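Residue numbers (this note's numbering), protein chains in the order written: chain A, 1 to 249; chain B, 1001 to 1249. Step one of this worksheet: look at the structure below.
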DNA sequence: CTTGAAAGTGACGTTACGTCATTTTGTATA
DNA sequence: TATACAAAATGACGTAACGTCACTTTCAAG
């Protein structure tokens, strides 16, 4: 049994934090002295480490509490959701960064910067925002959602899906080399193999998938890994080459 | 002069927000009716737009207030500071993302995840980087270290790493079918291709890597992601078969 | 038994509003 | 003009994860 002071020494966590964790029933002391001083054991230290670790992943204390309390918590989904959340936040920051850089660049060109200048710049940037917003809102449709819901849990991180994504991303890297490059054709061959292995007896499903893939909006709705049009066309062309080569052989 | 309702209609900003801005003296109404209802003019609308815009850059309301109040505010420095701040935040999120990806990748390999598993993973991640660096330095020379950097690091979401993990995980699924099963051999062939693509003409390096991989202790010291022994042996055997088949062909 | 350090318990502050509950004002209609 | 109903106002509490007083009690050494 160690005192609260020992905890702060060993972990760097403040006394206040320990008391707070006790207060919200996230981590209670193993025991207390007669006078009410908190005493912690080895188990608590370990739990504290876990809490700290999960905090570095950006989870809220409430979420951490739920995770550690639920004996059969779905860690995979939990982490995936968190990853998605983090990615969204990163995207937001990315936009901020982009606008800030734009402003700073323009300010280098304009020599004098005051409120009036800024107002002009704001006008420009706000226009873009409104356009984007309008564009996105226009793309909503009820019927399309049903189709997407019928798809299996393709974004659930199973190895097959993962490889698909990995292969696509690799193709993107090799795009400059052209559809006939050996690396490209090897990847395409692997894709073909996987298509047969996984979806062999259900070609309609593949068609459906491909249709959604070809629509960026639908892909995004479905939570697919975003693939740009250029890449999709590249894949289609490379597949044609691949099939021709196979026929000749 | 327009009412608060008009403001919400035109800008989408809530009544509560307008009252709050009034309360903190960020944006006060131009006038009030006898009964105390807020009335805004064109100037206020513009200021409100500015506020909204600066908010999208991540500034706090207090900061925005200071900026708009100070007649000769140093916009350039202000924006630059904000950019730095944003970049730091992005970096933090990037680390979270990296760790999350690492965990998720490992979870694709392990099928069951519970608190005990997580504790093990936490142990690995909490290990300090210095130990790893030191260990790796002593094992590999300079040139090899360059290659080592290309080694699939489980934290990086790059396509090559993803495919490695996906292939490993798929192998695990197919283990029961034996080392000669066509699915297995196709995966092995793909692994071989990738090995050659990435590490090309340096087979000794691959041997050394493989040696570390086969020793759980060494792997852990090097900070590699954990792969169970059974799977590693399976891969080795399957590779032997693969190479024999190739010789015969 | 004293004494100073360490620990305890409230309580308030932080951000940018959301969400009641209650009261007052504005306005359209009978 | 009285009334009804919408809209606006005010005030208060809640949010997350503690930091920071202020004040009291307990612990351990001398």
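Yeah, the Cβ is synthetic: ideal placement off N, Cα and C, and Gly gets one too. This structure is a prediction, so every number in the text was calculated from the model and none was measured.
By the neighbour-count definition (other C-beta atoms within 10 Å, threshold 16), residue 1014 of chain B is an exposed residue. Closer than 8 Å at the C-beta level to chain B, one finds these residues of the region 43 to 62 of chain A: 46, 49, 50, 53, 56, 57 and 58. About 5 Å separates the beta carbon of residue 1167 of chain B from that of residue 1187 of chain B, a gap short enough to meet the 8 Å contact definition.
Contact between residue 1001 of chain B and residue 1041 of chain B holds, since their C-beta atoms are separated by about 6 Å, short of 8 Å.
Residue pairing from DSSP places residue 38 of chain A in a beta bridge opposite A/32.
Between residue 1061 of chain B and the set B/1075, B/1238 and B/1021, the nearest pair of CA atoms involves B/1021. Scanning chain B for C-beta atoms nearer than 8 Å to the C-beta of residue 160 of chain A yields 1166 and 1170, reported in chain order.
Per the Cβ contact rule, the region 57 to 72 of chain A is not in contact with the region 1068 to 1075 of chain B (fewer than 3 Cβ pairs under 8 Å). Chain-order list of chain A residues neighbouring residue 1093 of chain B: 58, 86, 87, 89, 90 and 93, by C-beta distance under 9 Å.
For residue 1118 of chain B, the closest alpha carbon among the candidates A/11, A/238, A/122 and A/67 is that of A/67. Residue contact check for residue 191 of chain A against chain B: no CB pair falls below 8 Å. Taking 8 Å as the cut-off, the Cβ atoms of residue 196 of chain A and residue 241 of chain A do not count as close. Within chain A, the residues placing a beta-carbon under 8 Å from that of residue 1173 of chain B are 159, ordered along the chain.
Using a CB distance cut-off of 8 Å, residue 26 of chain A does not count as an interface residue toward chain B. In terms of beta-carbon proximity, residue 1230 of chain B stays away from the interface with chain A, with every pair separated by 8 Å or more. When secondary structure is reduced to three states using DSSP, residue 2 of chain A falls in the strand class.
Cα atoms of residue 237 of chain A and residue 1190 of chain B: separation of roughly 22 Å, rounded to the nearest angstrom. Contact between the region 31 to 50 of chain A and the region 1090 to 1105 of chain B is absent: fewer than 3 CB-CB pairs across the two stretches fall below 8 Å. Per DSSP, reduced to three states, the secondary structure at residue 1025 of chain B is coil, with no helix or strand assignment. The DSSP assignment places 1042 to 1056 and 1061 to 1069 as complete runs of the alpha helix (DSSP H) inside the region 1028 to 1102 of chain B, in order along the chain (cut-off: 4 residues).
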